[in-house]
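Student: The structure under discussion is supplied below as structure tokens; questions concerning it will follow.
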Amino acid sequence: MSKTLFDKVWDSHVVRKIEGGPDVFFIDRHFIHEVTSPVAFLGLKSRGLKVLYPERTFATADHNTPTINQHLPVEDPLSANQLKALEDNSNEYGISHWGLGHQKNGIVHVVGPENGITFPGATIVCGDSHTSTHGAFGAIAFGIGTSEVEMVLSTQCIMQPKPKKMRINVNGQLGKGVTPKDVALYIISQLSTSGATGYFVEYAGDVFENMTMEGRMTVCNLSIEMGARGGMIAPDETTFAYLKDKPLSPKGAEWDKAVAHWKTLKTEAGATFDKELTFKASDIEPMITYGTNPGMGMGISKHIPNAADLDGGVATYKKSLDYMGYNENDAMIGKKIDYVFLGSCTNGRIEDFRAFASIVKGKKKADNVTAWLVPGSHEVEALIKEEGILDILNEAGFVLRQPGCSACLAMNDDKVPAGKYAVSTSNRNFEGRQGPGSRTLLASPLVAAAAAVTGVVTDPRDLL
Amino acid sequence: MAYDKFTILTSTAVPLPLENVDTDQIIPARFLKATKREGFGDNLFRDWRYNNDNSPKENFVLNNPIYSGKILVGGKNFGSGSSREHAAWAVYDYGFRCVVSSFFADIFRNNCLNVGVLPVQVSAEFSEQIFNAIYDDPNTEIEVNLPNQTITIKSTGAQESFEINSYKKENMLNGFDDIDYLQNIKGDIETFANGLLL
Chain S
147 MSKTLFDKVW DSHVVRKIEG GPDVFFIDRH FIHEVTSPVA FLGLKSRGLK VLYPERTFAT
207 ADHNTPTINQ HLPVEDPLSA NQLKALEDNS NEYGISHWGL GHQKNGIVHV VGPENGITFP
267 GATIVCGDSH TSTHGAFGAI AFGIGTSEVE MVLSTQCIMQ PKPKKMRINV NGQLGKGVTP
327 KDVALYIISQ LSTSGATGYF VEYAGDVFEN MTMEGRMTVC NLSIEMGARG GMIAPDETTF
387 AYLKDKPLSP KGAEWDKAVA HWKTLKTEAG ATFDKELTFK ASDIEPMITY GTNPGMGMGI
447 SKHIPNAADL DGGVATYKKS LDYMGYNEND AMIGKKIDYV FLGSCTNGRI EDFRAFASIV
507 KGKKKADNVT AWLVPGSHEV EALIKEEGIL DILNEAGFVL RQPGCSACLA MNDDKVPAGK
567 YAVSTSNRNF EGRQGPGSRT LLASPLVAAA AAVTGVVTDP RDLL
Chain U
-3 MAYDKFTILT STAVPLPLEN VDTDQIIPAR FLKATKREGF GDNLFRDWRY NNDNSPKENF
57 VLNNPIYSGK ILVGGKNFGS GSSREHAAWA VYDYGFRCVV SSFFADIFRN NCLNVGVLPV
117 QVSAEFSEQI FNAIYDDPNT EIEVNLPNQT ITIKSTGAQE SFEINSYKKE NMLNGFDDID
177 YLQNIKGDIE TFANGLLL
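Going down the list, the sequences are from chains S and U.
Going by our numbering, the residue at position 45 of the first sequence is 191; the numbering climbs one at a time, nothing skipped.
Going by our numbering, the residue at position 39 of the second sequence is 35; the numbering climbs one at a time, nothing skipped.
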């Protein structure tokens, strides 16, 4: 029977099948961070277990690290305690640890690919739902809970039933100002936040084939926001070129052998999916969200839908608009903005800073806007300087912060105050996500830049 | 994690008929800074439950003394968003042993099963019947019978069966977790790992 890309990677990692139960699933690469790992290590200790393959686990601190003055001790004692626990646990069990201040420190889903830890055909997990990012390389990558972190540490396996398969095709030419983030937000707006629950997605079609690795990572990153455990894209020359010579990528003959295998990782003709959806690139415009989940998004030039036009869920919908301080049928263009956040595992890569700079170049930050520009890693930070992007940003009145998850989930001090509006390039607009009472509009780096220089929601196509 | 065995739970239930309840609402990120798993129940639904000055919000269901019990009944797509197992810990720590919904997000469902909270998925119609029964009489009891895989509204006798795979069912009935199983097949795992390219 013809196999999909997903079948090939999944089936080759099943250690054992349990009748009427999950598969025992082997994990090639495991990322850990300070927030979801301490209790897993406590569990190991209380059971007297070792880490089976410490060389397959990689630790980085990102979720609650500060994005200024990283050379100083972390002020918040609870955050400092978690960072210390990650360091101590990594040292005790022989796990590579890129803590705060380490040259390779950054957001786990940015530094993993950057260093060649991620590779095609790999199985990758982390106690973080945006682990789906690594699917961009043709890996099966998804988020797990802390109990499963403990399982991976102690046995390098988790127990998972094989998900159903969905293919999402997007074909055609993307219009001016339409980015990978818009493609993802568009798909989520069509499927809702639960439309792909129970499925693993393969993205196919020329829109994804023509995307850079950064763009593919943005798309796969957001797979979880439509309920999918993860999403993946078949590896190709773009993938191999990105990975070649990365610090931890295979070298020499091993590289050739790996690439020969990676080239076989494609969905075969005739392979079937449980569900298949096809969208047209020309239907997608720059997107923005207006509600309190990532499915509540629309083309930036449109009006907020009326509750009467929805298929149920009216009470939840009205509660959501109420929280946002918006009304049915409002236009989003022209809505006042207080904060702009460029960063996160969704849009904290070099390409995102290039896009942002392309709009703000020669303009000035609006006086009413507080902007937080947070690179995903020190490597991204270095490229921003090297490429002259920092000068453009500084001239426009912006400052660059230091790497971390930052305002995406506001575990550190980067919190949007109650009632304030933020255009954010991150992944979730849930109530209070960016700080208690904060109101989030998810969008691309271009839309964020347009808002940052005008102070209101603005169509970036008018500024390009 | 070791947790209490789950067999038959008969309890009143707490209704939360909102859709898309995400794990940031169940436990906001700023409360994830503990390095132990206990104590999260105090901050369950923190921002819906308390005002900024920590006074309880009267209109939130957990602050309404009429409703109590070990079963939480949520709306469609319960537990979406972040993978934080702290959400399942918070539900457990507060005292719930079962969450009922017409649709669960994947990771949350999985996390619940790993920490001893039984996720029971029912039809949209049955979910509606449960909400109505609770609103008619907050003292109405719901019986969740894991061995038979049934959920029953005691006052009306209405019953529906629910799905759970036989492996996880055995675990819940016995209070086992996956690590117990995985430890026993370590030899197989090591053989498998030795055959890998990378």
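Note that the Cβ used here is the ideal one computed from N, Cα and C, for glycine as well.
Identify each residue in the segment 566 to 582 of chain S for which the Cβ-Cβ distance to at least one residue of chain U is less than 7 Å, and report them in chain order.
Tutor: Against chain U - using a Cβ distance shorter than 7 Å - the residues of the segment 566 to 582 of chain S are R574, F576, E577, G578, R579, P582.
Student: Give the residues of chain S in contact with S78/U, contact being defined as C-beta atoms less than 7 Å apart.
Tutor: The contacting residues are S275.
Student: Over the uninterrupted beta strand (DSSP E) stretch that includes V298/S, give me the two end residues.
Tutor: Where V298/S is concerned, there is no enclosing beta strand (DSSP E), although the alpha helix (DSSP H) it sits in stretches over 292 to 301.
Student: Between the segment 202 to 216 of chain S and chain U, which residues of the former have a C-beta closer than 7 Å to a C-beta of the latter?
Tutor: For the segment 202 to 216 of chain S, which is checked against every Cβ of chain U, the residues closer than 7 Å are N210.
Student: State buried or exposed for S584/S, treating a residue as buried only when at least 16 other CB atoms are found within 10 Å of its CB.
Tutor: S584/S should be labelled buried.
Student: In angstroms with no decimal places, state the Cα-to-Cα distance between A83/U and I23/U.
Tutor: Answer to the nearest angstrom: the Cα atoms are 6 Å apart.
Student: Does the separation of the CB atoms of Q117/U and F92/U fall below 7 Å?
Tutor: Cβ atoms of Q117/U and F92/U: not closer than 7 Å.
Student: Is A417/S helix, strand or coil by DSSP?
Tutor: Residue state, collapsed to three classes: coil.
Student: In terms of residues, what are the limits of the beta strand (DSSP E) holding G443/S?
Tutor: Element bounds for G443/S: 443 to 445.
Student: Taking DSSP's pairing of strands, which residues face I523/S in a bridge?
Tutor: Before going further, note that residue 523/S is Ser rather than Ile in the sequence given. G252/S.
Student: Buried or exposed for N475/S, please, with buried defined as at least 16 other CB atoms from any protein chain shown within 10 angstroms of its CB.
Tutor: Exposed is the call here.
Student: Just mark L539/S as buried or exposed, buried being the case when its beta carbon has 16 or more other beta carbons within 10 Å.
Tutor: Buried is the call here.
Student: Using a C-beta cutoff of 7 Å, does F177/S count as contacting chain U?
Tutor: No, F177/S does not count as interfacial toward chain U.
Student: CB L114/U to CB M297/S, shorter than 7 Å?
Tutor: No.
Student: Here's the rule I'm using: 16 or more other beta-carbon atoms within 10 Å means buried, otherwise exposed. How should R547/S be labelled?
Tutor: By the 10 Å Cβ count, R547/S comes out buried.
Student: Taking a cut of 8 Å between CB atoms, which residues from the segment 179 to 201 of chain S lie near chain U?
Tutor: Within the segment 179 to 201 of chain S, the qualifying residues are V181, T182, P184, V185, L188, G189, R193, L195, L198, Y199.
Student: By alpha-carbon positions, which one of D429/S, T301/S, G445/S, I430/S ends up nearest to Y436/S?
Tutor: Looking at the Cα atoms, G445/S is the closest of the given residues.
Student: Do the CB positions of G289/S and D274/S come within less than 7 Å of each other?
Tutor: Yes, Cβ-Cβ distance for G289/S and D274/S is below 7 Å.
Student: Which whole-angstrom value describes the C-beta separation of G175/S and T264/S, a residue pair presumed to lie in contact below a C-beta threshold of 8 Å?
Tutor: It should be noted that the sequence gives Arg, not Gly, for residue 175/S. At roughly 7 Å, the Cβ-Cβ gap stays under 8 Å, so R175/S and T264/S are in contact.
Student: Measuring only the C-alpha atoms, how far is Y332/S from A556/S?
Tutor: C-alpha separation (whole angstroms): 25 Å.
Student: Would you list, in chain order, the members of the segment 367 to 383 of chain S that have their beta-carbon closer than 9 Å to a beta-carbon of chain U?
Tutor: So the close ones are I370, E371, G373, A374, R375.
Student: Do the segment 158 to 168 of chain S and the segment 160 to 179 of chain U make contact, defined as three or more Cβ pairs closer than 8 Å?
Tutor: Yes: at least three Cβ pairs fall under 8 Å.
Student: What residues in its chain sit with their C-beta under 7 Å from that of I15/U, if we drop five residues either side in the sequence?
Tutor: Looking at the sequence provided, one finds Glu at residue 15/U rather than Ile. Within the same chain, E15/U has close Cβ partners G71, K72, N73.
Student: Using a beta-carbon distance below 7 Å, is A120/U in contact with chain S?
Tutor: Cβ-Cβ to chain S under 7 Å: no for A120/U.
Student: Chain U partners of N493/S, CB-CB under 8 Å?
Tutor: Within 8 Å Cβ-Cβ: nothing; N493/S doesn't reach chain U, min ~18 Å.
Student: Going by CA-CA distance only, name the one from N514/S, V506/S, D513/S, G550/S that's closest to G522/S.
Tutor: For the residues N514/S, V506/S, D513/S, G550/S, the minimum Cα distance to G522/S belongs to G550/S.
Student: So, is N514/S buried or exposed, given that buried needs 16 or more other C-beta atoms within 10 angstroms?
Tutor: Burial call: exposed.
Student: Checking contacts by CB at 7 Å: is S340/S closer than that to chain U?
Tutor: Cβ-Cβ to chain U under 7 Å: yes for S340/S.
Student: So what does DSSP say about C272/S, is it helix, strand or coil?
Tutor: Note: C272/S maps to strand in three-state DSSP.
Student: Looking at C-alpha atoms only, which residue of D43/U, L12/U, S97/U is the closest neighbour of Y63/U?
Tutor: Y63/U has its Cα closest to that of L12/U, out of D43/U, L12/U, S97/U.
Student: Are there 16 or more other CB atoms within 10 angstroms of the CB of M168/U, so buried, or fewer, so exposed?
Tutor: So M168/U ends up on the buried side.
Student: From V256/S, V295/S, V160/S, pick the residue whose C-alpha is nearest to that of H280/S; which is it?
Tutor: When each option's Cα is compared against that of H280/S, the closest is V256/S.
Student: In chain order, what residues of the same chain have a beta carbon less than 7 Å from the beta carbon of P396/S, not counting five sequence neighbours either side?
Tutor: A404.
Student: Can the beta-carbon of S148/S be found closer than 7 Å to that of A350/S?
Tutor: No.
Student: Just the Cα atoms here: how many angstroms apart are Q306/S and N261/S?
Tutor: Taking the straight line from one Cα to the other gives about 28 Å.
Student: Which value, in whole angstroms, describes the spacing of the CA atoms of Q249/S and A453/S?
Tutor: Straight-line Cα distance between these residues: approximately 50 Å.
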